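Numbering (our numbering), first residue to last: 2 to 128.
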């Protein structure tokens with residue numbers, strides 16, 4: 002019985018990593034590059050504010066926006082396609098929907114890298 006207890010207690014030591022074989026360090030890249038991400042840059046003052054926002058808030062926070070385009074790119078595109086005040090309202094609508102934990106994901110198309118497609122054109126009235 003003592004032998005069975007010793008085998009049960011020390012069974013993990015048998016499969017332990019030996020000293021002559023150590024794990025190798027591996028470089029892991031956590032940033033993802035999106036293939037279908039469009040370039041939403043413009044030459045406006047708003048584009049410079051977006052770059053500052055991206056550098057200070059978005060980069061350290063990581064890529065956790067579930068939508069494509071991201072919220073900051075959505076805001077720049079909304080202002081470019083409409084006017085400043087309408088762009089703010091469209092962005093506020095999108096941002097509050099992004100922060101809603103009870104949202105239904107069935108209304109969005111899932112594109113590459115498991116992002117939800119929600120372009121500005123879905124918010125604009127068609128004549």
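The beta-carbon is built from N, C-alpha and C at its ideal position, and this holds for glycine as well.
Keep in mind that this is a model prediction, so the values were computed, not measured.
When the options are compared against residue i, the one with the closest alpha-carbon
i: residue 82; options: 124, 7, 28; result: 124
i: residue 51; options: 69, 73, 30, 89; result: 73
i: residue 115; options: 85, 121, 66; result: 66
i: residue 96; options: 84, 5, 121; result: 121
For residue i, the three-state DSSP class (helix, strand or coil)
i: residue 110; result: strand
i: residue 83; result: coil
i: residue 53; result: helix
i: residue 3; result: helix
i: residue 9; result: helix
i: residue 91; result: helix
Residues bridged to residue i (per DSSP)
i: residue 68; result: 117
Presumed contact (8 Å Cβ cut-off) between residue i and residue j, rounded CB distance
i: residue 47; j: residue 80; result: 6 Å
i: residue 112; j: residue 71; result: Not a contact, Cβ separation roughly 13 Å.
i: residue 75; j: residue 86; result: No, residue 75 and residue 86 are not in contact; Cβ-Cβ is about 16 Å, not under 8 Å.
i: residue 155; j: residue 119; result: Nothing about residue 155 can be read from this structure; the chain reaches only from 2 to 128.
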